[in-house]
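Here my numbering is used: position 26 in the sequence shown is 1097, and no number is missing along the way.
I have placed the structure first, in the form of structure tokens, so that the comments after it can refer back to it.
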Amino acid sequence: MPIALAPVDRILRKAGAQRVSRAAALELRDIVENFAHRMAKEAIKKTDQSGRKTVFKEDVVQAPRLIVERVKENIVIDVEAEVLRELEDLIPPREG
């Protein structure tokens, strides 16, 4: 169920917008919905890992932290892979 546009419009106006186009409200709504969906999925994953069926406030609060930790891990893995590729470029091939 999509979020109604009126609350999104109010958010933009409270943030300081004097006027809000429909396209801007639609875009922000999509961003907010995607963010909320991602947080909900992470909270549900935490709930499942804890052996529960009920999502608690703590699960929702921890969701962004868990996502940030995963992103950091992926960045480290990407950087390590890039460093290894660069090192491989510096090492001459074996003669054989």
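The beta carbon of each residue, even a glycine, is placed where N, CA and C say it ideally should be.
key: Buried versus exposed, by CB contacts within 10 Å (16 or more), R1143   = Contrary to the premise, residue 1143 reads as Lys rather than Arg in this sequence. Label assigned to K1143: exposed.
query = What's the gap between the Cα of M1072 and the Cα of F1106?
reply = The straight-line gap from Cα to Cα measures roughly 14 Å.
inquiry  = Suppose you measure from the CA of R1090 to the CA of M1110; what does that come to, to the nearest Å?
reply    = Rounded to whole angstroms, R1090 to M1110 spans 29 Å at the Cα level.
key: Pick from K1124, N1145, R1141, I1115 that is closest to V1131, judged by C-alpha positions   = For V1131, the nearest C-alpha among the options comes from I1115.
key: Unbroken stretches of the alpha helix (DSSP H), 4 residues or longer, contained in the segment 1128-1162   = Segments of the alpha helix (DSSP H) lying fully in the segment 1128-1162: 1128-1161.
inquiry  = Beta-carbon within less than 8 Å of E1104's beta-carbon, same chain only, minus the 5 sequence neighbours each way: which residues are those?
reply    = P1073, I1074
message = Going by beta-carbon coordinates alone, are E1113 and L1137 separated by less than 8 Å?
response = yes
key: Residue range of the unbroken alpha helix (DSSP H) whose run includes R1109   = 1093-1120
query = Helix, strand or coil: which one does DSSP assign to V1079?
reply = Helix at V1079.
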